[in-house]
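Inspection log for the structure reproduced underneath, given as structure tokens.
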Amino acid sequence: MNKNNKSFCYEGGALKMDGVSLEKIAREFSTPLYVYSAKQIRNRFMDYIRAFEGMNTLICYAVKANYSGHILKMISSMGGGADVVSGGELYMALRAGIEPEKIVFAGVGKTRSEIEEAVNRGICFLNIESAQELETIQEVAAESEKSVGISFRINPDIDPQTHPSISTGLKENKFGIFPAEAMDLYRRAASMKNIQIKGVHVHVGSQITSSGPILEAARYACVFADRLKSEGIEISYIDIGGGLGINYEGANPPTPSQLAGEIGKVFKGRSETLVLEPGRSIVGEAGVLLTEINYIKKVPGKNFVIVDAGFNDLVRPAMYGSHHRIVPVEKEGEKLVADVVGPVCESSDFLAESREVEGIKKGNILAVMEAGAYGFSMASNYNSRPRPAEVMIDEGRSFLIRRREEPGDLVDTEV
Ligand code: LLP
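Quick note: the sequence shown uses the working numbering, first residue 8, plus one each step.
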């Protein structure tokens with residue numbers, strides 16, 4: 008267990024989330040099941056708000072981490088904005104009541120229709136990732152006779168010291184524009200009739216566990232903004248992306264308030280609005296995936312704990328080799344070193360490998376911890392598996408925020 012995660016504790020061998028028994032929740036709503044702590048999501052978001060209070064800041068929650076409409080409404084009611092990367096995420100953010108002026112839109116492959124929607128809704132700005140995208144945005148804005156806010160995402164070639172699959176600011180990554188080309192594009196954009204230059208964007212990676220790479224990116228963006236200014240191009244936003252990590256297996260990332268202290272020094276005396284795009288650090292530790300042990304299979308030299316959640320429900324271990332703690336919801340049962348595997352027909356369908364797990368008994372429930380970010384949002388229907396339900400725990404109450412899919416949902420979009 009992550010001792011610093013105040014939402015979870017054992018009481019008499021039973022795991023509770025904010026005082027509510029997870030065993031009871033699993034039996035009531037069935038498994039596999041995502042369960043979130045509303046209290047923790049609010050606290051994490053408010054930690055950012057409070058930490059950056061003294062600075063002119065816009066916190067744009069990264070919708071990709073968890074796009075649940077209920078969570079987005081919570082963010083909206085706390086005054087949050089959204090960082091979106093698709094028309095779907097834009098739709099979800101607007102539907103949750105997030106004001107267009109608080110939405111920023113990133114991504115290397117925005118389609119024309121996604122750009123049209125963003126232009127028509129009047130979002131704060133689009134973070135442009137290529138010269139051709141700039142042309143398309145100008146064309147779309149001219150057609151609808153609108154002015155559109157933009158910023159360019161710079162690739163600063165900074166190593167975020169994280170998993171290679173989630174590094175985004177290295178020069179070999181597909182993201183962003185190299186600084187020299189970006190300078191040219193700013194000049195070109197300045198002459199475009201329907202383009203309003205708003206800012207500079209950097210985002211160097213995710214699950215970053217020290218402030219170094221984030222500060223380096225922030226400094227870089229500030230220097231870049233100064234160079235633009237010296238060319239007569241004034242911007243009003245510096246967007247330094249998201250990326251702050253969480254504690255999956257003992258990491259001790261800086262808190263928003265520690266980060267704010269350091270970023271405050273970098274931004275001292277600046278007039279631009281600072282934009283942050285945190286995702287994982289808001290929802291990651293607030294969620295668990297509950298899964299029931301279906302079978303225990305012992306073969307020579309190896310044990311398998313076969314659970315009812317597969318990599319279609321939580322893909323991070325299979326996709327990145329990510330570590331998620333797995334703990335029993337009721338402590339009674341065997342302690343075993345085992346691979347915790349799902350029912351999907353692939354050998355890479357595992358939640359943990361060669362892991363010592365407690366409370367192993369057929370029918371027991373396990374909690375896969377730190378599953379609130381990039382859990383449900385990356386779930387799929389592979390093997391024709393309906394996706395799990397989601398439950399929120401809020402002030403002692405527990406309620407469904409997404410019902411479990413049924414086999415019938417698998418054919419709903421067929422024609
Ligand atoms: N802004 C941009 C432009 C991004 O690309 C991302 C994440 C974020 C913000 C939010 O980053 P966060 O604060 O959540 O670290 N599926 C992977 C993570 C991919 C992150 C992609 N971009 C995982 O499960 O670890």
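No residue lacks a Cβ here, since even glycine has one placed at the ideal position from N, Cα and C.
Kindly indicate which residue of the options has the alpha-carbon position closest to the one of residue i.
i      : options                           : result
SER44  : ILE66, ASN63 and PHE15            : PHE15
ILE66  : GLY94, GLY87 and GLN139           : GLY87
SER264 : ALA58, PRO307 and LYS13           : ALA58
VAL312 : ARG392, GLY239, VAL334 and SER151 : VAL334
GLY308 : VAL314, ALA345 and VAL295         : ALA345
GLU121 : GLY104, ILE105 and VAL92          : VAL92
PHE52  : GLY257, ASN388 and ALA89          : ALA89
VAL295 : ARG234, TYR41 and GLU238          : TYR41
SER354 : LYS369, GLU269, GLY370 and MET326 : MET326
SER151 : ARG411, CYS229, ASN201 and SER405 : ASN201
GLU18  : ILE110, MET199, THR118 and GLU337 : GLU337
PHE36  : PRO395, MET24, THR143 and LEU101  : PRO395
LEU222 : HIS208, LEU266 and GLN168         : LEU266
ASN390 : ASP356, LYS272, GLY257 and LYS368 : ASP356
VAL155 : ASN371, GLU136 and GLN203         : GLN203
MET62  : GLU30, THR216, GLY268 and ASP401  : GLY268
ALA138 : ASN388, GLU188 and TYR74          : GLU188
Return yes when the Cβ of residue j is within less than 9 Å of the Cβ of residue i, no when it is not.
i      : j      : result
ALA232 : ILE247 : no
GLU249 : ARG287 : First, the amino acid is wrong: residue 249 is Gly here, not Glu. Going by C-beta atoms, GLY249 is nearer than 9 Å to ARG287.
GLY183 : ARG160 : yes
GLY349 : ALA316 : yes
LEU133 : PHE112 : yes
TYR255 : SER361 : no
ALA148 : VAL126 : yes
THR64  : VAL282 : yes
ASN162 : LEU177 : yes
MET399 : HIS77  : yes
LYS300 : PHE274 : First, the residue type needs correcting, since residue 300 is Ile and not Lys in the sequence shown. No, Cβ-Cβ distance for ILE300 and PHE274 is not below 9 Å.
GLU339 : GLY26  : no
GLY382 : ASP320 : yes
VAL207 : ILE242 : yes
ILE48  : VAL290 : yes
Under DSSP, the beta strand (DSSP E) around residue i begins and ends at which residues?
i      : result
LEU177 : Careful: LEU177 lies outside any beta strand (DSSP E) and carries neither H nor E.
ASP164 : Element bounds for ASP164: n/a, residue is neither H nor E.
TYR244 : 244 to 246
TYR68  : 64 to 69
GLY366 : 357 to 367
Per DSSP, which residues does residue i bridge with? Please list them.
i      : result
MET399 : TYR43 and PHE406
LYS23  : CYS16 and SER28
PHE112 : VAL91 and LEU133
THR420 : For THR420, which the question treats as bridged, DSSP gives no partner whatsoever.
VAL160 : Checking the sequence shown, residue 160 turns out to be Arg, not Val. DSSP output for ARG160 lists HIS208 as bridge partner(s).
ALA149 : For ALA149, which the question treats as bridged, DSSP gives no partner whatsoever.
GLN203 : GLY156
ILE215 : LEU251
Which first and last residues belong to the alpha helix (DSSP H) in which residue i is found?
i      : result
ALA189 : 186 to 197
LYS80  : 76 to 84
ILE372 : Premise fails: ILE372 lies in the beta strand (DSSP E), 372 to 375, not in any alpha helix (DSSP H).
ILE122 : 119 to 128
Counting only runs of 4+ residues fully inside the region 269 to 355, write out the alpha helix (DSSP H) ranges in chain order.
-> 287 to 290 and 323 to 327
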